[in-house]
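To keep things clear, I will list the structure first and then write my remarks on it.
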Amino acid sequence: MALHPASLSPGTVGDRRRAVLAERTSTAVRHPAPARTISDAGGEERLPGEVVRREGQSPIGDAAADEAYDGLGATFALLADAFGRDSIDGRGLPLDATVHYGQDYDNAFWDGARMVFGDGDGEVFRRFTVSLSVIGHELAHGVTQFTAGLEYEGQSGALNESVSDVFGAMVEQHARGQRVDEADWLIGAGLFTDEVQGRALRSMSAPGTAYDDDMLGRDPQPAHMDLYVETDDDNGGVHINSGIPNRAFHLAATAIGGTSWEGAGRVWHRALTSGTVPVRADFAQFAGITWATSRELFGSSAREAEAVADAWRTVGVEPRHAPEKTGDRARRRETKAP
Ligand SMILES: [Zn+2]
Numbered sequence: 285m286a287l288h289p290a291s292l293s294p295g296t297v298g299d300r301r302r303a304v305l306a307e308r309t310s311t312a313v314r315h316p317a318p319a320r321t322i323s324d325a326g327g328e329e330r331l332p333g334e335v336v337r338r339e340g341q342s343p344i345g346d347a348a349a350d351e352a353y354d355g356l357g358a359t360f361a362l363l364a365d366a367f368g369r370d371s372i373d374g375r376g377l378p379l380d381a382t383v384h385y386g387q388d389y390d391n392a393f394w395d396g397a398r399m400v401f402g403d404g405d406g407e408v409f410r411r412f413t414v415s416l417s418v419i420g421h422e423l424a425h426g427v428t429q430f431t432a433g434l435e436y437e438g439q440s441g442a443l444n445e446s447v448s449d450v451f452g453a454m455v456e457q458h459a460r461g462q463r464v465d466e467a468d469w470l471i472g473a474g475l476f477t478d479e480v481q482g483r484a485l486r487s488m489s490a491p492g493t494a495y496d497d498d499m500l501g502r503d504p505q506p507a508h509m510d511l512y513v514e515t516d517d518d519n520g521g522v523h524i525n526s527g528i529p530n531r532a533f534h535l536a537a538t539a540i541g542g543t544s545w546e547g548a549g550r551v552w553h554r555a556l557t558s559g560t561v562p563v564r565a566d567f568a569q570f571a572g573i574t575w576a577t578s579r580e581l582f583g584s585s586a587r588e589a590e591a592v593a594d595a596w597r598t599v600g601v602e603p604r605h606a607p608e609k610t611g612d613r614a615r616r617r618e619t620k621a622p
């Protein structure tokens with residue numbers, strides 16, 4: 285089973301206050317405002333389904349639809365407030381989602397144009413909209429699609445997955461107003477039913493410890509490059525080896541302190557959207573780019589830059605010299621993912 289991302293959100297997900305604030309200020313300073321449309325597939329595997337809630341409309345009383353609406357709003361709010369980014373494409377892309385997709389459907393995904401949420405089977409998974417970090421994770425695949433375009437295979441695929449976990453965690457922390465030392469750093473907490481022995485799908489602070497269950501087995505994520513998993517499954521273990529860069533982000537974020545989106549998150553966001561990340565970047569290349577970005581943002585001898593380099597070295601990845609600029613030259617230099 286390719287366990288997809290998620291995290292805990294008690295009750296309704298999202299930060300309606302921020303979303304409302306973003307909407308209100310749109311007349312004043314042209315602060316970006318979301319344009320959400322939620323549709324209901326009615327238990328069939330069809331898209332988009334019937335529209336049940338549009339931007340600005342009140343909650344409709346369907347938990348999945350209302351959680352999806354709030355989760356899209358919380359993701360939009362992080363991108364706008366923390367990074368000045370207008371939606372996932374940076375150009376105000378309307379955010380569309382479909383809920384109640386399929387029967388007992390155990391996943392949530394970004395299909396390249398919209399978010400799709402299953403209801404879960406009720407035995408292992410609850411409905412996927414309960415997790416704000418899952419929603420943030422999936423929408424971040426859209427951000428990656430519109431920016432670095434990391435190929436979904438091997439190390440670049442694991443980086444693609446990790447970037448989504450990084451944003452998923454940040455969306456949740458931002459909506460809750462948590463500092464790095466207050467956050468749980470779990471992806472998908474609250475998603476498992478009580479039958480499952482596990483806290484979440486993944487742990488960014490301690491990869492490999494999120495669950496240990498008779499049915500699901502044990503969380504297979506490595507926390508260090510020495511334990512990198514070579515496999516043909518899961519596009520070369522993209523959901524497994526993402527534990528390594530996930531932990532690097534957690535280490536950098538907690539060493540820098542404050543909030544994730546003002547510290548390490550600024551570095552990761554800028555690296556991802558800078559045009560310097562090759563589509564087949566490996567861990568060492570991405571590490572080098574984040575290190576270079578941290579020096580640009582904070583100064584070459586800043587403790588933040590040191591924290592980023594130390595974080596990568598702690599997970600066994602030596603940051604490689606970053607390419608100066610994107611384009612053919614950078615692309616030619618890319619390495620093959622294993
Ligand atoms: Zn994913």
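If you count the sequence shown from 1, position 186 lands on 470 in my numbering, and the numbers rise without skipping. We put the beta carbon where it would ideally sit given N, CA and C, even for glycine. This one's a predicted model, so the numbers in the text were calculated from it and none came from an experiment.
Query raised in the report: Considering R554, what are the terminal residues of the alpha helix (DSSP H) in which it resides?
Result: A548 to T557
Query raised in the report: Fully enclosed by the segment 321-347, which alpha helix (DSSP H) runs are 4 residues long or longer?
Result: Here no run is fully enclosed.
Report task. Note down the Cα distance separating R308 from D496, rounded to an integer number of angstroms. Result -> Low confidence applies to R308: its pLDDT is 45, below 50, so where it sits in the model is not reliable, and the reading given next is rough at best. Near 46 Å, if we compare the C-alpha coordinates of D496 and R308.
Requested in this report: Can you grab the Cα-Cα spacing for the pair L416 / F582, in whole Å?
Outcome: 30 Å
Report task. Would you identify the three-state DSSP class for E602, choosing helix, strand or coil? Result -> coil
Requested in this report: Taking T560 as the reference, give the member of G572, R550 and F533 with the closest Cα.
Outcome: G572
Query raised in the report: Taking the C-alpha atoms as reference points, what is the distance between E435 and H523?
Result: 14 Å
Query - Range covered by the beta strand (DSSP E) that runs through W394 - result: A392 to W394
**Report entry** Candidates R320, Q387 and L356: closest to G327 by CA position
**Finding:** Q387
Query - Selection from H315, A349 and Q429 that minimises the alpha carbon distance to P562 - result: Q429
**Report entry** CB of N566 within 8 Å of CB of Q462, strictly
**Finding:** Checking the sequence shown, residue 566 turns out to be Asp, not Asn. No, they are not a contact pair.
Requested in this report: Can you grab the Cα-Cα spacing for the pair D365 / D498, in whole Å?
Outcome: Near 42 Å, if we compare the C-alpha coordinates of D498 and D365.
Report task. Kindly examine ligand 1 and report whether one of its heavy atoms sits closer than 7 Å to the Cβ of S448. Result -> yes
**Report entry** Backbone CA spacing between L470 and M454 [nearest angstrom]
**Finding:** 11 Å
Query raised in the report: What do you reckon, is the C-beta of E456 under 7 Å from a heavy atom of ligand 3?
Result: Among the ligands modelled here, namely ligand 1, ligand 3 does not occur.
Query raised in the report: Which first and last residues belong to the beta strand (DSSP E) in which M499 is found?
Result: Careful: M499 lies outside any beta strand (DSSP E) and carries neither H nor E.
Query - Distance, G472 Cα to Q505 Cα - result: 15 Å
Report task. Look at the alpha carbon of V592 and the alpha carbon of E334, and state the distance between them as a whole number of angstroms. Result -> 46 Å
Query - Start-to-end residues for the beta strand (DSSP E) that takes in T382 - result: L379 to V383
Query - Whether A532 touches W575 by CB criterion (8 Å) - result: Not in contact: A532 and W575 (Cβ atoms no closer than 8 Å).
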